[in-house]
Amino acid sequence: MNVTHKFKGLSRELIALRIANELEDGTYVNLGIGIPTLVSDWIEGRDIVLQAELGMLNTGPLAGKDEVEQDLINASCQPVTELTGSCYFSENESFAMIRGGYMDAAVLGALQVSEKGDLAGWQNPGRGLPDNIGNIGGSMDLAVGAKKVIIAMMHVTNDGQYKIVKECSYPLTARGVVNLIVTDLAVMEVTKKGLLLREVAPGLTAEDVQSVTEPKLIISPELTEIKL
Amino acid sequence: MDKVFPGVDEAVADIPDGASVAIAGFFTAGTPIPLIKALASQGAKNLTVICMQMGPGNEDINQLVINKRVKKAICNYPFYRSASRGADSPTEQAVRSGELEMEVCPMGTFSEKLRAAGAGIAAFYTPTGVGTVVETGKEKRKFGKLDYLLELAIKPDYAFVYAYKGDHMGNLQCHKTARNYNPEMAAAAEITIAAVENLVEPGEIEGDMVHIPGIYVQRVVKIDRPTYFPTID
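Note that the protein sequences, when read in sequence, are chains A and B.
For the first sequence, the numbering used here gives the first residue as 6, with consecutive numbering after it.
For the second sequence, the numbering used here gives the first residue as 2, with consecutive numbering after it.
1) Could you pull out every residue in the same chain whose Cβ sits closer than 7 Å to the Cβ of T310 (chain A), ignoring the five residues on either side in sequence?
2) Which same chain residues end up closer than 6 Å to G165 (chain A) when comparing Cβ atoms and leaving out the 5 residues on each side of it in sequence?
3) Using the C-alpha atoms, what's the distance from I206 (chain B) back to C175 (chain B)?
4) Please name the residue, chosen from A:M158, A:G122, A:D76, that lies closest to G132 (chain B) on a Cα-to-Cα basis.
5) With 8 Å as the threshold, decide whether the Cβ of I169 (chain A) is near any Cβ in chain B.
6) Counting Cβ pairs, one atom from each stretch, are 3 or more of them under 8 Å apart for the region 10-25 of chain B and the region 180-189 of chain B?
7) Tell me where the beta strand (DSSP E) around T127 (chain B) begins and ends.
8) Please determine, among B:C76, B:N63, B:F161, the residue with the shortest C-alpha to C-alpha distance to M53 (chain B).
9) Can the beta-carbon of H160 (chain A) be found less than 8 Å from the beta-carbon of T196 (chain A)?
10) Measure from the alpha carbon of G106 (chain A) to the alpha carbon of each residue in A:E212, A:N137, A:K152, A:A68, then state which is nearest.
11) Between A:T218, A:T162, A:T86, which lies nearest to T178 (chain B) when the distance is taken from Cα to Cα?
12) Give the straight-line distance between the Cα atoms of Q219 (chain B) and V135 (chain B), rounded to the nearest whole angstrom.
13) What separation, rounded to the nearest whole angstrom, lies between the Cα atoms of R180 (chain B) and D209 (chain B)?
14) For N26 (chain A), which option in A:G39, A:P135, A:E49, A:G150 has the closest C-alpha, if you only look at C-alpha atoms?
15) Taking all protein chains shown into account, decide if F100 (chain A) is buried (16 or more other Cβ within 10 angstroms of its Cβ) or exposed.
16) CA-CA distance, L77 (chain A) and L88 (chain A)?
17) How would you label A120 (chain B), buried or exposed, when you count the other beta carbons within 10 angstroms and need 16 or more for buried?
18) When you compare only the Cα positions, how much space is there between V183 (chain A) and E60 (chain B)?
19) Starting from D148 (chain B) and walking both ways along the beta strand (DSSP E), at which residues does that stretch end?
20) CB N63 (chain B) to CB S90 (chain B), shorter than 8 Å?
21) Taking one C-beta from the region 40-49 of chain A and one from the region 221-229 of chain A each time, how about it: are there three or more such pairs within less than 8 Å?
22) Helix or strand or just coil, what does DSSP make of K114 (chain B)?
23) Examine chain A for any beta-carbon lying closer than 8 Å to the beta-carbon of T133 (chain B), and answer yes or no.
24) Using a Cβ cut-off of 8 Å (strictly closer), state whether E113 (chain B) contacts chain A.
25) Can you list, in chain order, the stretches of the beta strand (DSSP E) that have 3 or more residues and sit fully within the region 7-89 of chain A?
26) Taking beta-carbon pairs under 9 Å, can you tell me which members of the region 74-86 of chain A lie near chain E?
27) Let me know if E202 (chain B) comes out buried or exposed under the rule of 16 or more other beta-carbons within 10 Å of its beta-carbon.
28) Can you list, in chain order, the residues of its chain with a C-beta nearer than 6 Å to that of F6 (chain B)? Leave out the 5 residues immediately preceding and following it.
29) Can you check whether the C-beta of R97 (chain B) is within less than 8 Å of a C-beta belonging to chain A?
30) Does the beta-carbon of A160 (chain B) have 16 or more other beta-carbons within 10 angstroms, so that it is buried, or is it exposed?
31) Inspect the CB distances between the region 205-216 of chain A and the region 25-40 of chain A and report whether three or more fall short of 8 Å.
32) Taking DSSP's pairing of strands, which residues face V222 (chain B) in a bridge?
33) Rounded to whole angstroms, what is the Cα-Cα separation between I20 (chain A) and I194 (chain B)?
34) For the alpha helix (DSSP H) that A12 (chain B) lies in, which residues bound it at each end?
35) Within the continuous beta strand (DSSP E) that includes I168 (chain B), where are the two ends?
36) Throw me the rounded Cβ distance for the N140 (chain A) and F80 (chain B) pair, which I believe falls under 8 Å.
Spelled out as structure tokens, the structure:
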């Protein structure tokens, strides 16, 4: 079923802003590759410590051209800067922190999310690789280790396929781990009863969002416009 | 105790056919590129390489595949992000054609397998990968309310590591995010070869600042700092 739509939703930057607003001060957070990385643009000056899983806490903003250091990159391979109180450790210790339950939140991209909170985000079968081969990276550890998993993604694929589905058809990252989904069109919370639609993009209705979402949404009695 | 070798070619000369080699580095950070180049021109075949990735941020690892020297790769983020760039990558082509055997581990499991080997632990249980393809063929066991997978240690024959500073006894100091996989790979391997940017006398690295104790390092070789421009897309 093709669900290509003409709704005008949030930009990638504003999806990131909505997620930045969700993050609490005094927390440790890991940002995945893609839209999640953009969250860092909105938290400068806030009391949030970012982890780069190759082995750094308190990762600073992207480095300017004259600040680039070869030995100072983030997990997306971008040159970054230090902040006051940055520290370094091994990749192994970094994942001990992640599995050990020290990350208050992980913001990850996704290819599919199910209504039960299953996450598929590391392999698109269209790439033609065997189903156990692809860029797993740190996603599986983060998905099971972080206290809260927030997904940042577009609501449907570029070619009009559902990304929010009843059951994931792509290889899974982890089962039942997603807490919150923020897309260009909506904010949805994963609950035991199903997906709770909490916020919609300006100008959209709950019916609009339902029309591009495979599982039946539970509409929050306090449904609002996305809070930016 | 002096573990210094005259150059990278001498340091990798004895690596035989069929050896397993762990190569440290997270994309561009902390990757011992001169050792990889030396291995690519050395003759050993049927190698198993254990490294984060096969190309993104480090084309030299790809060179081993182009030279048809690698039988198996154990990785956690092997490919370029973009499918179009990946389609042109020698590694992805070799995996598609079946020429290169590959095992992909979650990133935390990957380094824990190495840590375990270095610490004399045969296997460990981790919650990562439960309910995914990663659990295929592995023992699953419940502790408390959660399921865990049994993952086996990886003990490489050789490890290539990189350090900002190293002394003649093999004590190493890493720099910022270049530490990444280096300590666990150094401890895991039978023979660890350290490429160091600055070769110093014992004592010149303050004892408190040693990130990799020399007991894990069998060979030290001074290299010029490799420079490269990151891209993983």
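Ideal placement from N, C-alpha and C gives every residue a C-beta, glycine not left out.
The answer reads as follows:
1) Because chain A in this structure spans residues 6 to 233, residue 310 (chain A) falls outside the shown range and cannot be described.
2) N7, V8, T9
3) 11 Å
4) A:G122
5) no
6) yes
7) 124-127
8) B:C76
9) no
10) A:K152
11) A:T86
12) 34 Å
13) 16 Å
14) A:E49
15) buried
16) 12 Å
17) exposed
18) 35 Å
19) 147-153
20) yes
21) no
22) helix
23) yes
24) yes
25) 32-36, 53-57, 61-67
26) No chain E appears in this structure, whose protein chains are A and B.
27) exposed
28) A12, R220, V222
29) yes
30) buried
31) no
32) B:A196
33) 46 Å
34) 9-13
35) Contrary to the premise, residue 168 (chain B) reads as Asp rather than Ile in this sequence. Its beta strand (DSSP E) spans residues 159-168.
36) 6 Å
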